[in-house]
Amino acid sequence: DARVTQTPRHKVTEMGQEVTMRCQPILGHNTVFWYRQTMMQGLELLAYFRNRAPLDDSGMPKDRFSAEMPDATLATLKIQPSEPRDSAVYFCASGLTTGTDTQYFGPGTRLTVL
Amino acid sequence: AQTVTQSQPEMSVQEAETVTLSCTYDTSENNYYLFWYKQPPSRQMILVIRQEAYKQQNATENRFSVNFQKAAKSFSLKISDSQLGDTAMYFCAFMRGSGTYKYIFGTGTRLKVLA
Chain G
44 DARVTQTPRH KVTEMGQEVT MRCQPILGHN TVFWYRQTMM QGLELLAYFR NRAPLDDSGM
104 PKDRFSAEMP DATLATLKIQ PSEPRDSAVY FCASGLTTGT DTQYFGPGTR LTVL
Chain L
74 AQTVTQSQPE MSVQEAETVT LSCTYDTSEN NYYLFWYKQP PSRQMILVIR QEAYKQQNAT
134 ENRFSVNFQK AAKSFSLKIS DSQLGDTAMY FCAFMRGSGT YKYIFGTGTR LKVLA
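Residue numbers (my numbering), protein chains in the order written: chain G, 44 to 157; chain L, 74 to 188.
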């Protein structure tokens, strides 16, 4: 049963600390998306990659957020320095551009910045 | 720019009954895809159903079906024989068919199935 995995599932940190979230897309998928979900803003697209190349990161605060795909099996989202307003659930999703265009979501990382 | 509107923040339905969740969208595109995702308390986003805009036939998946009205830009989700496990947030999503692969989500409808 192929699925997207994310680590950690929960993260509590203090303001100013660096946070790294990891995502393993479904094997063979060539698109990866990072979303942030909050009560106020709902689901926001932060960045997405196709064939490991960043295509759009316009939704991401550039000064503190960065997203990378070191290889086809790993995507990372980093926040440095973290702020309380970054508290949210961060989802990774993957898909296949030559398939049904459906995005398959990971379980999310719940981030709390104190 | 495309927008997706879910006008019902919360709904409830009795177990075994039928409920319809509304979604409207705005686009000038002719080729696009529409999706319904379910997010139970576990937070996992689960695909419920998918519809290609070029298909006239409404998509169905077991107890879930859609009423896709392209001219009206409406994409409602019908859940038949509601079960307690259907209790969740339901999100409608739009994706352009021109290869951007980006979803635009609605704000969600919280559905509670009552025993």
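C-beta: ideal position from N, C-alpha, C; glycine also.
Burial state of residue i (16 or more Cβ within 10 Å)
i, result
"residue 74 of chain G", "buried"
"residue 188 of chain L", "exposed"
"residue 128 of chain L", "exposed"
"residue 55 of chain G", "exposed"
"residue 166 of chain L", "buried"
"residue 171 of chain L", "exposed"
"residue 190 of chain L", "With chain L represented from 74 up to 188, any question about residue 190 of chain L goes unanswered, as that position is not in the structure."
Terminal residues of the beta strand (DSSP E) in which residue i lies
i, result
"residue 157 of chain L", "No beta strand (DSSP E) holds residue 157 of chain L; DSSP gives it neither H nor E."
"residue 60 of chain G", "It is not in any beta strand (DSSP E) - residue 60 of chain G carries neither H nor E in the DSSP assignment."
"residue 83 of chain L", "83–87"
"residue 168 of chain L", "161–169"
"residue 97 of chain G", "96–99"
"residue 177 of chain L", "176–178"
"residue 72 of chain G", "No beta strand (DSSP E) holds residue 72 of chain G; DSSP gives it neither H nor E."
"residue 85 of chain G", "85–93"
"residue 48 of chain G", "48–50"
"residue 93 of chain L", "92–94"
Cβ neighbours of residue i in the same chain (closer than 8 Å, five flanking residues each side left out)
i, result
"residue 134 of chain L", "121, 122"
"residue 58 of chain G", "124, 125, 126, 127, 156, 157"
Nearest neighbour of residue i, chosen from the options [CA to CA]
i, options, result
"residue 91 of chain L", "L:165, L:159, L:170", "L:159"
"residue 181 of chain L", "L:161, L:170, L:169", "L:161"
"residue 141 of chain L", "L:106, L:174, L:185", "L:106"
"residue 136 of chain L", "L:147, L:155, L:144, L:119", "L:155"
"residue 64 of chain G", "G:92, G:119, G:147", "G:119"
Own chain residues within Cβ distance below 7 Å of residue i, not counting five before or after
i, result
"residue 130 of chain G", "154, 155, 156"
"residue 95 of chain L", "79, 80, 81, 149"
"residue 80 of chain G", "86, 131, 132, 134"
"residue 50 of chain G", "65"
"residue 140 of chain G", "73, 74, 93"
Residues near residue i in its chain [Cβ-Cβ closer than 6 Å; skip 5 each side]
i, result
"residue 108 of chain G", "122"
"residue 151 of chain G", "132, 134"
Enumerated in chain order, which unbroken segments of the beta strand (DSSP E) with a length of 3 residues or greater are wholly contained in the segment 103–151 of chain G?
108–114, 117–122, 131–138
Enumerated in chain order, which unbroken segments of the alpha helix (DSSP H) with a length of 4 residues or greater are wholly contained in the segment 104–151 of chain L?
none
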